Amino acid sequence: SALYHRQWTPLARHVSRSVERYLKWLGVKTEVFSLGDHRRRMLGPSADLPKDYFSLDNRSPETDELRKKVRLTLEEDVARFFKENRGQVAIYDANNGTKAARIALRQKFEAQGVNVFFIENICDRDDIVEANIRSVKLSSPDYKGWNPEQAVKDYMMRIAEHAKRYETMETSGGPFVKIYNIGERLVVNNIRGYLQSRIVFFLMNVHHKKRTIWFARSGQSDIEHSFKADSDLSPQGIEYAEKLRDFIVSKRRELLEERIKSGEQAAERRLTVWTSARRRCISTARPMAELGYKIVQRQQMYELNPGDVDGLSPEQIRAKFPDEFAKAEMDPYGHRYPRAESYHDLSVRCVWCLFLRDRDTEWSLTTLNGRIRLEPVILELEREPADILFIGHGSVIRCLMAYLQGLTPHEIPKVELRRGDIVQVTPSAYGVKFVNHFFWQ
């Protein structure tokens, strides 16, 4: 078992959720345990708390006892996650800003056979802190119904309180990574094992900038439902591509006007279009290219290879391959038809063996079966600060949307996006917002 604990900054929640999403996509059973969310469930919004709840000095004994109760019950939830739910990674999202608190946390969980790795988020740029508070913390349940300026002032007071006793990580404090200003610089100490290395590599690609991600299917081609036939768009597909361009341009203009009214941002964000290297995807993106948008072709985004069932309808597959069809019904994620790919091959393409040799040994992960086909796309998606429009095949879009939703790999085949729909995705610290639009019949 492994406990990944993030230390306090106003940007750290975004990091916690991003790491959780990535590990779930890899098939690691992961859950974020947020002390703030747990406190709200137990005690209600911050307006209902004792006035000295967030103060580090001169707290009453009753408030100290209340804070201790909240923390202990959350740590009991973490322990149950490992013991009863067979959890693999817990991300403990809390403010342990002192050396003594971190030592106590490490000793407590290592005594339970859990490896502890700290992620320290440090932000020393006032512009990033204030922008983050306005865009993230004002949407926190703690500040629901508050005047925005009062909410900013209140949260800045919380920051000042924590800063009084804050102690940064030291090299003697075990495995940790320090992240400065969400990715400007990383300091890594005593990292152990494959899984911790993967997380550090992932954190090198994370940023805090706001952006919108769009997903749309490619237009109809001259030869449909054929992997081998790399055909161009039909007349209907050409019309579809033009309607897609018109919708994106119009919707982005509308979103820009909303940002200007709110005073958030006055400049239009850059948009990059990502497609596979198949003709129908490239042609669907052509109207966007004619307007000057950058088009990026990615070989990893070609569709799932159906093998011997290429071009067959479900009824034909059932008749020709009854046993294989039954297996696919039982396991739509892991099953592969003869000479085909499964969703497992497409999204992960490796089998993770997770084992713990002893309580002082970090996770050891062995890649048994090839490579991760879509991982470069995932990492580039996290690293890209601009808006992105994905124009792709249904199987690839399922994988990428499942990743952003934080779904497990086995839920990938259930994700749907019809041709004519476009999904607008807005990542934030408190989740990922999905909005479905219809633009073509």
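In case it helps, full-length UniProt numbering puts the sequence shown at residues 1 to 441.
We put the CB at the ideal spot given by N, CA and C, even for glycine.
Remember, predicted model here, so these are calculated numbers, not experimental data.
Hey, how far is the Cα of residue i from the Cα of residue j?
| i | j | result |
| --- | --- | --- |
| F201 | Q300 | 20 Å |
| Y403 | K210 | 18 Å |
| I213 | H207 | 14 Å |
| R134 | L66 | 29 Å |
| P10 | S18 | For P10, the predicted model reports a pLDDT of 45, less than 50, meaning its position is unreliable and no value from the coordinates is stated. |
| E20 | E149 | 31 Å |
| A229 | L407 | 32 Å |
| R383 | E224 | 34 Å |
| F215 | N95 | 36 Å |
| G183 | E167 | 20 Å |
| I317 | P306 | 11 Å |
| G193 | L26 | 16 Å |
| Y343 | S140 | 36 Å |
| E329 | A319 | 14 Å |
| F82 | E242 | 51 Å |
| R41 | S347 | 35 Å |
| Y143 | N132 | 14 Å |
| R278 | A289 | 16 Å |
| N436 | V425 | 9 Å |
| Q441 | I248 | 16 Å |
| S60 | L256 | 48 Å |
| I199 | R373 | 18 Å |
| G97 | D323 | 58 Å |
| Q297 | L74 | 45 Å |
| Y302 | G219 | 15 Å |
| I378 | L203 | 12 Å |
| K24 | F438 | 30 Å |
| D331 | E62 | 53 Å |
| V129 | P427 | 18 Å |
| Q107 | K99 | 12 Å |
| T367 | K68 | Because the pLDDT at T367 is just 32, under 50, the model does not fix this residue reliably, and the point stays unresolved. |
Do residue j and residue i come within 8 Å of each other at the CB atom, strictly closer than that value?
| i | j | result |
| --- | --- | --- |
| E341 | L304 | yes |
| G174 | V116 | yes |
| Q405 | V423 | no |
| K120 | K164 | The question names Lys, but residue 120 is Glu in the sequence shown. No, the pair does not count as a contact, with Cβ atoms beyond the cut-off. |
| H410 | S276 | no |
| T171 | N147 | no |
| R86 | K29 | yes |
| D345 | R336 | yes |
| L291 | R245 | yes |
| R13 | D93 | yes |
| Y333 | I260 | no |
| N205 | D124 | no |
| H38 | V70 | yes |
| E161 | L43 | no |
| G237 | S250 | no |
| I397 | R217 | yes |
| A386 | R269 | yes |
| S197 | I91 | no |
| Y240 | L271 | no |
| V273 | I391 | yes |
| F176 | F118 | yes |
In terms of residues, what are the limits of the beta strand (DSSP E) holding residue i?
| i | result |
| --- | --- |
| residue 461 | Since the first residue of the chain shown is 1 and the last is 441, residue 461 is not available in this structure. |
| V177 | F176 to Y180 |
| G145 | Looking at the DSSP string, G145 is not in any beta strand (DSSP E), and its letter there is neither H nor E. |
| H225 | No beta strand (DSSP E) holds H225; DSSP gives it neither H nor E. |
| H437 | G431 to F438 |
| residue 442 | Here the chain covers residues 1 to 441 and nothing more, so residue 442 does not appear. |
| I213 | I213 to R217 |
| V32 | T30 to S34 |
State the start and end residues of the unbroken alpha helix (DSSP H) segment that holds residue i.
| i | result |
| --- | --- |
| Q150 | P148 to R165 |
| K261 | P235 to S262 |
| G406 | Looking at the DSSP string, G406 is not in any alpha helix (DSSP H), and its letter there is neither H nor E. |
| K320 | P314 to K320 |
| M200 | A small fix is needed here, since residue 200 is Val in this sequence, not Met. From DSSP, the alpha helix (DSSP H) with V200 extends over G193 to L203. |
| R185 | R185 -> not in any alpha helix (DSSP H); beta strand (DSSP E) instead, spanning R185 to N189. |
| E382 | E375 to R383 |
| S347 | Y343 to S347 |
Any heavy atom of the ligand SAH closer than 7 Å to the CB of residue i?
| i | result |
| --- | --- |
| A326 | The ligand content of the structure shown is nil, which means the ligand SAH is not present either. |
With a threshold of 8 Å between beta carbons, is residue i in contact with chain D?
| i | result |
| --- | --- |
| P148 | No chain D appears in the structure shown, which is made up of a single protein chain. |
Requested in this report: Report yes or no: do the region 27-37 and the region 411-419 share at least 3 C-beta pairs separated by less than 8 Å?
Outcome: no
Query raised in the report: Using 8 Å as the Cβ pair cut-off and three pairs as the minimum, do the region 107-125 and the region 45-64 touch?
Result: no
Requested in this report: For the region 44-124, list the alpha helix (DSSP H) runs that are entirely contained and at least 4 residues long, ordered along the chain.
Outcome: 61-83 and 99-110
Query - Cβ pair count under 8 Å reaching 3, the region 309-319 against the region 253-264 - result: no
Query raised in the report: Does the count of Cβ pairs from the region 281-296 and the region 228-244 closer than 8 Å reach three?
Result: yes
Query - Complete runs of the alpha helix (DSSP H) confined to the region 265-339 [at least 4 residues] - result: 279-290, 314-320 and 322-330
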